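Enquirer:
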Amino acid sequence: MTVYREKFQQELDALIGECIKLGEECHKRLAGTVEVLLADDIEDARKVVRNDAEINKMEADVNAHAINLITTQQPVATDLRTIISCIKIADNLERIGDNISNVAEVRKRIKITNERTLLRFKTMERLASLMLEDVYTAFKKSDLDLLDEIILRDQDIDAVFVQITTSDIFEESDAFLTGQIQLTAKYLERIGDHIKSIAEHIYYIHTGDPYEKYKSE
1 MTVYREKFQQ
11 ELDALIGECI
21 KLGEECHKRL
31 AGTVEVLLAD
41 DIEDARKVVR
51 NDAEINKMEA
61 DVNAHAINLI
71 TTQQPVATDL
81 RTIISCIKIA
91 DNLERIGDNI
101 SNVAEVRKRI
111 KITNERTLLR
121 FKTMERLASL
131 MLEDVYTAFK
141 KSDLDLLDEI
151 ILRDQDIDAV
161 FVQITTSDIF
171 EESDAFLTGQ
181 IQLTAKYLER
191 IGDHIKSIAE
201 HIYYIHTGDP
211 YEKYKSE
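Each residue of the sequence shown is one higher than the one before, starting from 1 at the first, in the UniProt record's numbering.
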């Protein structure tokens with residue numbers, strides 16, 4: 001039984017490692033999201049869109065590994081909690097990749113040149129990047145207070161989104177450009193939402209309770 005448990009733990013650790021690698025890849029791509037908007041040509045944007053397939057493949061591998069563990073290893077409740085959470089975390093990471101790709105799609109259509117708007121986009125990107133870094137730290141250290149802080153920090157991204165969509169867009173006279181700015185802001189705002197969800201899943205891994213239950217107590 002001890003040998004079996006050790007082998008299963010190795011498999012579970014490997015699954016967690018796959019999620020971490022997926023998170024690292026998303027973090028790397030997130031750091032250059034707004035830079036793509038600033039590029040003079042659209043080749044960088046095309047590359048980002050093409051490479052999104054790599055993120056999709058990594059998520060599919062996590063799912064396949066998780067399903068294999070469930071169907072062949074009959075994990076106990078605490079292990080099953082981790083496996084299911086890995087599936088959900090990978091889904092959120094894949095959606096972060098989709099939103100990064102969506103920002104690149106905007107650059108393929110139009111170039112945004114308003115410096116204040118671009119600065120706000122960069123602020124949203126940086127806030128999200130820091131959240132994703134801290135999610136990893138909170139997971140490794142089982143830091144529930146940091147998870148709580150990360151979840152609350154999503155409000156900072158939301159606040160910048162509101163500034164863009166209720167103020168900055170009215171500086172533009174081109175309706176198509178205004179629409180693309182709104183889309184870009186929404187894609188970046190959604191990245192924050194997905195990182196918040198990841199933090200909630202990690203809270204569940206460590207405690208066995210949904211984050212909403214913890215907040216209601």
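Ideal Cβ positions, reconstructed from N, Cα and C, are used throughout, including at glycine.
Computed from a prediction, not measured in an experiment: that's the story for all the values here.
May I have the straight-line CA-CA distance separating residue 205 from residue 43, to the nearest angstrom?
Expert: By one-based count along the sequence shown, residue 205 stands at place 205. By one-based count along the sequence shown, residue 43 stands at place 43. Rounded to whole angstroms, residue 205 to residue 43 spans 40 Å at the Cα level.
Enquirer: Identify, in the order they occur along the chain, each residue of the same chain with its Cβ nearer than 7 Å to the Cβ of residue 220, setting aside the five sequence neighbours on each side.
Expert: In this structure the chain extends from 1 to 217, so residue 220 is not present and cannot be described.
Enquirer: Straight-line CA distance for residue 153 to residue 193?
Expert: By one-based count along the sequence shown, residue 153 stands at place 153. By one-based count along the sequence shown, residue 193 stands at place 193. Between residue 153 and residue 193, the C-alpha separation is close to 10 Å.
Enquirer: Quick check on this structure: which residue in 27, 104 and 8 has the alpha carbon closest to the alpha carbon of residue 134?
Expert: Residue mapping note: residue 134 aligns to position 134 of the sequence shown, counting from 1. Closest option to residue 134, Cα to Cα, is 27.
Enquirer: Buried or exposed: where does residue 77 fall if 16 or more other Cβ atoms within 10 Å of its Cβ makes it buried?
Expert: As a first step, residue 77 must be located in the sequence shown, where it is residue number 77. By the neighbour-count rule (16 or more Cβ atoms within 10 Å), residue 77 is not buried but exposed.
Enquirer: In three-state terms, what does DSSP make of residue 91?
Expert: As a working mapping, residue 91 is identified with position 91 in the sequence shown. Of the three classes helix, strand and coil, the one that applies to residue 91 here is helix, per DSSP.
Enquirer: How close, in whole Å, do the beta carbons of residue 97 and residue 52 come, if the pair is a contact with beta carbons under 8 Å?
Expert: Taking the sequence shown and counting its residues from 1, the one referred to as residue 97 is at position 97. Taking the sequence shown and counting its residues from 1, the one referred to as residue 52 is at position 52. Confirmed, Cβ separation roughly 5 Å.
Enquirer: Do you know whose CA, among 69, 90 and 89, lies nearest residue 80's CA?
Expert: Here residue 80 is taken as the residue at index 80 of the sequence shown, counted from 1. Comparing Cα positions, the closest option is 69.
Enquirer: Which residue marks the beginning of the alpha helix (DSSP H) containing residue 171, and which one marks its end?
Expert: Reading the sequence shown from its first residue, position 171 is the one you call residue 171. Residue 171 -> no alpha helix (DSSP H), and no H or E assigned at all.
Enquirer: For residue 180, name the three-state secondary structure that DSSP assigns.
Expert: As a working mapping, residue 180 is identified with position 180 in the sequence shown. Three-state result, residue 180: helix.
Enquirer: Do you know how far the Cα of residue 181 is from the Cα of residue 175?
Expert: For this step, residue 175 is matched to residue 175 along the sequence shown. For this step, residue 181 is matched to residue 181 along the sequence shown. So the alpha carbons of these two residues sit roughly 10 Å apart.
Enquirer: Are the beta-carbon atoms belonging to residue 161 and residue 131 less than 8 Å from one another?
Expert: Here the question's residue 161 lines up with position 161 in the sequence shown. Here the question's residue 131 lines up with position 131 in the sequence shown. Their beta carbons are not under 8 Å apart, which means residue 161 does not touch residue 131 by this criterion.
Enquirer: Which stretch, first to last residue, makes up the alpha helix (DSSP H) that contains residue 73?
Expert: The residue you call residue 73 lines up with position 73 of the sequence shown. Its alpha helix (DSSP H) spans residues 43-73.
Enquirer: Can you look up residue 217 in the DSSP assignment and give me helix, strand or coil?
Expert: In the sequence shown, counting from the first residue as 1, residue 217 sits at position 217. Model confidence at residue 217 stands at a pLDDT of 48, short of 50, so the residue's coordinates are unreliable; what they give is reported in the following sentence. Looking at residue 217 - three-state DSSP - the assignment turns out to be coil, as it is neither helix nor strand.
Enquirer: Does the segment 85-104 touch the segment 10-23, meaning 3 or more C-beta pairs lie closer than 8 Å?
Expert: The segment 10-23, when compared against the segment 85-104, does touch it at the 8 Å Cβ threshold.
Enquirer: With distances taken Cα to Cα, identify the nearest neighbour of residue 158 among 149, 170, 178 and 186.
Expert: Taking the sequence shown and counting its residues from 1, one reaches residue 158 at position 158. When each option's Cα is compared against that of residue 158, the closest is 186.
Enquirer: Under three-state DSSP, which class holds residue 207?
Expert: Here the question's residue 207 lines up with position 207 in the sequence shown. Residue state, collapsed to three classes: helix.
Enquirer: On a CA-only basis, which of 30, 8, 50 and 71 is nearest residue 129? Give me that one, please.
Expert: For the purposes of this step, residue 129 is identified with residue 129 of the sequence shown, where counting begins at 1. It is 30.
Enquirer: By Cβ distance, which residues of its chain are closer than 6 Å to residue 59, with the 5 residues on each side in sequence left out?
Expert: As a first step, residue 59 is located in the sequence shown; it is residue number 59 there, counting from the start. Correct list, in chain order: 90 and 94.
Enquirer: Grouping DSSP H, G and I as helix and E and B as strand, with all else coil, what is residue 13?
Expert: As a working mapping, residue 13 is identified with position 13 in the sequence shown. DSSP places residue 13 in helix when its eight states are reduced to three.
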